[in-house]
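In full-length UniProt numbering, the protein residues as written are 1 to 101.
Glycine is no exception: its CB is placed at the ideal position from the N, C-alpha and C atoms.
Predicted model only: the values in this text are computed from it and were never measured.
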């Protein structure tokens, strides 16, 4: 985010996330999503965040994120959607983390 842009309000961020989820659902119809470990790491890398920062943005422990990235566990439900949003729109995840800090 450049200095000339004002930070998003919580409502604006929520609306942007909702729009992203709706776009994602429209493109996938009803098929189930499997996220490979490298996709979790790729999504995190696109944000430019460390494991600790990305985990904080997703409201999970860094250990859980490591488990996902190494393929020992799979994210489920909302976590899958957030990871896909992070991959498609990394700036949203970064903005959300900045709002918290």
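Cα-Cα separation, residue i to residue j
i, j, result
"residue 50", "residue 17", "21 Å"
"residue 58", "residue 6", "23 Å"
"residue 76", "residue 95", "23 Å"
"residue 15", "residue 63", "29 Å"
"residue 100", "residue 11", "14 Å"
Close Cβ partners of residue i (< 7 Å) along its chain, the five nearest in sequence each way excluded
i, result
"residue 9", "none"
Cβ neighbours of residue i in the same chain (closer than 6 Å, five flanking residues each side left out)
i, result
"residue 67", "73"
"residue 82", "58"
"residue 90", "46, 47"
Proximity winner among the options, relative to residue i (alpha-carbon distances)
i, options, result
"residue 60", "45, 94, 79, 70", "79"
"residue 87", "20, 15, 76", "20"
"residue 46", "93, 98, 71", "93"
"residue 39", "53, 70, 62", "70"
Buried or exposed (CB count within 10 angstroms, at least 16 for buried), residue i
i, result
"residue 98", "exposed"
Nonlocal neighbours in the same chain, by C-beta distance under 8 Å from residue i, ignoring five residues either side
i, result
"residue 104", "Because the chain here runs from 1 to 101, residue 104 falls outside it and cannot be looked at."
"residue 13", "92, 95, 96, 99"
Residue i: CB within 7 Å of a non-hydrogen atom of the ligand ADP
i, result
"residue 70", "As for the ligand ADP, it is missing from this structure, which has no ligand bound."
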